[in-house]
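First up is the structure itself, then whatever we jot down about it.
There are 2 protein chains.
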Amino acid sequence: MRLSQFFLPLIKENPSEAQIVSHRLMLRAGMVRQLTAGIYNWLPLGLMVLRNIENIIREEMNKSGAIEVLMPTLQPTELWKESGRYDALGKEMLRFPDRAERELLYSPTCEEVITDIVRTNFKSYRDAGKNLYQIQWKFRDEIRPRFGVMRGREFLMKDSYSFDIDYEGAKKTYNLMYDTYLRMFSRMGLTAVPVRADSGAIGGDLSHEFHVVADTGESALYYDVAFDDIRDGKVKMTTEEMRQLYAAADEQHKPGTIPKERLREARGIEVGHIFYLGKKYSSAMNATVPGTNGENITLDMGCYGVGVSRLVGAIIEASHDDNGIIWPESVAPFKVGIINLRVGDAKCDEMCGKLYEMLQSKNVSVLYDDTNERAGGKFASMDLIGLPWQVTIGPKGAEKGMVELKNRRTGEKVEVSVEMALDNLLNNKVIYDKRFLTAT
Amino acid sequence: MRLSQFFLPLIKENPSEAQIVSHRLMLRAGMVRQLTAGIYNWLPLGLMVLRNIENIIREEMNKSGAIEVLMPTLQPTELWKESGRYDALGKEMLRFPDRAERELLYSPTCEEVITDIVRTNFKSYRDAGKNLYQIQWKFRDEIRPRFGVMRGREFLMKDSYSFDIDYEGAKKTYNLMYDTYLRMFSRMGLTAVPVRADSGAIGGDLSHEFHVVADTGESALYYDVAFDDIRDGKVKMTTEEMRQLYAAADEQHKPGTIPKERLREARGIEVGHIFYLGKKYSSAMNATVPGTNGENITLDMGCYGVGVSRLVGAIIEASHDDNGIIWPESVAPFKVGIINLRVGDAKCDEMCGKLYEMLQSKNVSVLYDDTNERAGGKFASMDLIGLPWQVTIGPKGAEKGMVELKNRRTGEKVEVSVEMALDNLLNNKVIYDKRFLTAT
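Order-wise, the sequence lines are chains A and B. Each position in the first sequence, counted from 1, maps to that position plus 3 in the numbering used here. Each position in the second sequence, counted from 1, maps to that position plus 3 in the numbering used here.
This is the structure:
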């Protein structure tokens with residue numbers, strides 16, 4: 004994409020409305036704009052990141068055998084009366100009458116609708132053992148929406164719901180989701196720590212929240228250093244092994260459980276939650292299937308959520324510096340930014356244009372700054388939007404066929420030939436931060 | 004995907020609630036289920052088609068240089084008061100207060116919001132010349148929602164909005180969209196006929212509706228036979244040439260305009276609309292940019308819509324037979340269906356399994372019917388869901404290494420070796436309907 008043809012409205016000053024760094028940087032980098040309290044427009048750069056995150060989640064869910072569906076944003080309230088939750092959610096659930104005076108709600112979550120789909124479409128025990136997921140917008144009418152997309156009112160969520168024949172099946176699905184979540188967050192370049200969560204009367208020990216490590220997190224995290232090592236590619240571990248690692252949040256933490264040298268203390272942001280539901284909804288809503296002998300089996304459920312739009316903010320909280328965002332390659336809107344230091348100079352234009360075409364022809368996404376902005380402004384903008392790699396081409400270098408290649412995360416710079424830059428970008432050779440390796 | 008692990012709830016009988024064929028077939032093929040009047044759950048098969056259509060639209064829009072954004076489904080009503088449309092849409096626009104008693108609406112269209120984004124983020128005439136699009140759910144509270152997803156209340160729409168400096172620029176963008184729409188619908192295997200539409204006082208002659216040809220269409224279409232020839236790959240024509248072809252709907256038609264032998268009469272379903280807006284919104288909402296001399300330029304707008312969820316129904320209306328749906332390859336949920344006639348037979352299982360793996364490894368999407376259903380039921384189901392190619396493997400053929408390859412559209416069947424079947428499916432060799440060629 005040529006910057007001159009893109010829509011990237013950057014903001015130089017820190018917006019006063021933003022209290023946390025991800026909100027500030029998302030506004031400054033032209034990723035989002037607030038339309039009204041807690042409701043955001045996604046501009047091109049923000050949408051690209053949102054879609055990249057969505058795709059990682061989709062791939063990992065599909066790999067786990069889960070099946071994608073899509074439920075509407077608006078639902079009739081009847082189903083919520085049937086499940087007994089109509090009154091439970093209070094004013095956070097946005098309800099309103101349609102023109103025929105039938106009450107609708109904007110879905111904050113979909114247990115009722117998916118259970119309704121399953122009870123009318125599962126014909127026998129053979130249909131069970133399925134995990135149905137969607138990636139869909141939700142609405143929660145927060146009394147104090149804040150922190151940008153981290154606590155918005157309209158937000159994108161991956162929610163899935165599993166329907167098994169018995170507890171053993173449900174537990175197996177639960178563990179599969181646990182593993183899937185670890186892989187999914189790790190692919191986003193995040194350290195995700197699964198901590199046991201309050202599961203009320205139903206969940207037993209089958210309830211975990213996934214927190215990503217970020218200095219600005221809302222909760223205190225205590226976890227085995229191995230989680231960091233895994234993210235950094237220093238150790239490989241099966242998810243079964245990872246499940247044994249120590250992790251706790253806030254008052255859950257029991258000092259002395261693991262040796263001090265293995266313990267990490269950090270702040271965490273909740274980005275996912277997996278939860279064994281048992282028969283709470285299937286029983287209230289009569290979601291049953293005939294078993295092998297024709298007997299009625301009430302389905303055993305679990306639900307598994309990921310805050311997709313929240314993750315955009317969480318990744319920035321976890322990965323930025325004073326100059327701006329530092330995207331892990333797997334979610335970066337573009338992998339490479341090309342800076343043309345003298346637009347109009349024949350050599351510069353030619354070399355930039357060539358590199359741009361070459362990278363695109365190899366399916367490497369590139370943002371090419373072909374504007375007339377001053378050099379200083381171009382550098383600042385490129386750092387702000389946080390693309391993993393920058394290639395700077397100026398008149399002196401162009402004369403010799405040389406470019407400057409910069410790694411946004413480490414700040415390392417090398418002067419190399421344009422061919423070598425290309426080779427490095429295609430094969431990640433010269434300067435490579437290990438954190439990217441685990442993230443892609 | 005193995006059918007035993009998929010979620011495909013087929014219905015044998017014609018559902019009484021459905022009046023038109025696409026609605027009937029979408030219910031029977033397990034593509035959608037109604038949640039409440041005009042609001043649908045998308046089950047896996049339906050969602051796959053919806054996503055395929057969405058991707059064709061996205062690719063063609065990106066090729067045209069348009070830039071994707073995403074506006075929220077809920078909007079504050081203030082902007083609509085500013086544009087003067089707050090009262091115009093009446094009860095079709097769903098409005099309701101949030102918990103703070105501020106009025107929100109569920110977006111039926113986005114001229115106001117995009118104009119608001121542009122006026123606050125375009126800094127100079129250099130920012131103009133952009134076409135911003137989104138693919139997002141909309142809501143129109145139809146008094147009588149009907150015909151399934153063809154006239155639902157919650158529906159998926161591609162809407163784009165262009166902002167140019169002057170009429171010449173706007174007209175150029177308009178023509179580019181005209182061409183883009185022809186390409187996009189043609190890629191979906193449709194004959195799309197652009198007919199001049201009522202543009203009120205603003206549009207002048209810059210307003211076209213795109214109707215796809217289907218026997219069950221709501222409007223009468225009169226068009227040059229060349230549109231069919233293009234779809235069938237019989238002629239190649241530039242979009243400039245296509246723009247000269249005769250096309251009219253209903254009372255617009257002037258008999259005798261083109262020779263009788265060139266005239267086609269058919270029924271049409273509206274799936275897209277392009278419209279020159281001029282300064283209606285930019286002027287009411289003060290969307291201006293400073294020009295080269297600092298003078299205020301009020302932006303010249305156009306808007307361009309495609310009914311994405313409606314297209315799923317429209318394609319079925321245009322492409323089905325008594326046995327079910329016939330998907331054009333470009334939008335088919337799977338390209339190939341494998342029918343194992345005797346699950347449990349070692350040879351059948353092995354040959355089916357091998358073919359399934361081979362196709363998947365070549366990125367050909369496959370649905371493998373590995374269930375215990377009777378042969379007759381399997382054939383009927385495969386015809387109903389309309390995958391372009393069927394491969395049937397039974398014990399007798401498996402003994403000799405032979406399979407039956409069937410083209411769903413033509414009904415042609417050939418007995419070939421499994422290797423030849425594979426070769427044909429990868430390279431579309433033996434039996435090939437020309438309509439696919441234009442569609443993919």
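Built from N, CA and C at the ideal position, the CB exists for glycine as well.
DSSP places R36 of chain B in the uninterrupted beta strand (DSSP E) bounded by V35 to T39. Under the Cβ distance rule, E157 of chain A counts among the residues neighbouring chain B, one pair being separated by less than 7 Å. Inclusion of S7 of chain A and T395 of chain A in the CB contact set at 7 Å is not warranted, their separation being larger than that value. In the displayed model, Y89 of chain A falls within coil according to three-state DSSP, outside both helix and strand. Residue contact check for V334 of chain A against chain B: no CB pair falls below 7 Å. Listed in chain order, the positions of the region 278-306 of chain A with a beta carbon within less than 7 Å of a beta carbon of chain B would be empty, since no residue qualifies. Residue pairing by DSSP places L48 of chain A in no beta bridge whatsoever. For H26 of chain A, the enclosing alpha helix (DSSP H) begins and ends at V24 to R31. No Cβ-Cβ contact shorter than 7 Å links P336 of chain A with L92 of chain A.
With a cutoff of 7 Å on beta-carbon distance, L358 of chain B and V421 of chain B are scored as near each other. By DSSP's assignment, W140 of chain B forms a beta bridge with B:L159.
Between G155 of chain A and G41 of chain A, the gap from beta carbon to beta carbon is short of 7 Å. The region 301-308 of chain A makes contact with the region 158-165 of chain A; the number of CB pairs closer than 8 Å reaches 3 or more.
With respect to the C-alpha of W83 of chain B, the residue from B:E115, B:P258, B:G172 and B:G340 having the closest C-alpha is B:E115. If you draw a 10 Å sphere on the C-beta of I146 of chain A, you find fewer than 16 other C-beta atoms in it, and that means exposed.
Rounded to the nearest whole angstrom, the C-alpha separation of D218 of chain A and I318 of chain A is 11 Å.
Here D144 of chain B is near R102 of chain A, since their CB atoms are less than 7 Å apart.
In this structure, the alpha-carbon of M96 of chain A lies about 7 Å from that of P111 of chain A. Ranked by Cα distance from R345 of chain B, the options B:E402, B:N431, B:I138 and B:I233 are led by B:E402.
Within its own chain, the residues whose Cβ lies closer than 6 Å to the Cβ of E63 of chain B, once the five positions on either side in sequence are excluded, are T183, R186 and M187, listed in chain order. Taking a Cβ-Cβ cut-off of 8 Å, the neighbours of R36 of chain A in chain B comprise I120, T123 and N124, given in sequence order.
In terms of beta-carbon proximity, V72 of chain B lines the interface with chain A, with at least one pair separated by less than 7 Å. At the C-beta level, K338 of chain A and S368 of chain A come within 7 Å of one another. Under the three-state reduction of DSSP output, W392 of chain B falls in the strand class. Annotation: Q247 of chain B is outside any beta strand (DSSP E) and is labelled neither H nor E by DSSP. Contact with chain A is found for N44 of chain B, since one of that chain's Cβ atoms lies less than 7 Å from the residue's Cβ. For the beta strand (DSSP E) assignment, the uninterrupted runs of no fewer than 3 residues enclosed by the region 241-311 of chain B are, from N- to C-terminal side, 250-252, 266-281, 291-293, 299-301 and 303-310. Apart from sequence neighbours up to five positions away, the residues of its chain that approach G340 of chain A with a beta-carbon distance below 6 Å are L370, M385, L390 and Q393, ordered along the chain. Rounded to whole angstroms, the separation of the alpha carbons of V215 of chain A and P18 of chain A is 25 Å. With a 10 Å radius around the Cβ and a threshold of 16 neighbouring Cβ atoms, D119 of chain B comes out buried. A check of alpha carbon separations from H256 of chain A across A:A200, A:S210 and A:R54 identifies A:A200 as the nearest. V406 of chain A sits close to A424 of chain A, with the two beta carbons spaced by under 7 Å. Close to W140 of chain A, with beta-carbon spacing below 7 Å, are these residues of chain B in chain order: T76.
In this structure, the CA atom of E353 of chain B is about 11 Å from the CA atom of G397 of chain B. Taken in chain order, the members of the region 147-173 of chain B whose beta-carbon sits within less than 7 Å of a beta-carbon on chain A are E157.
The three-state secondary structure of D119 of chain A, taken from DSSP, is helix.
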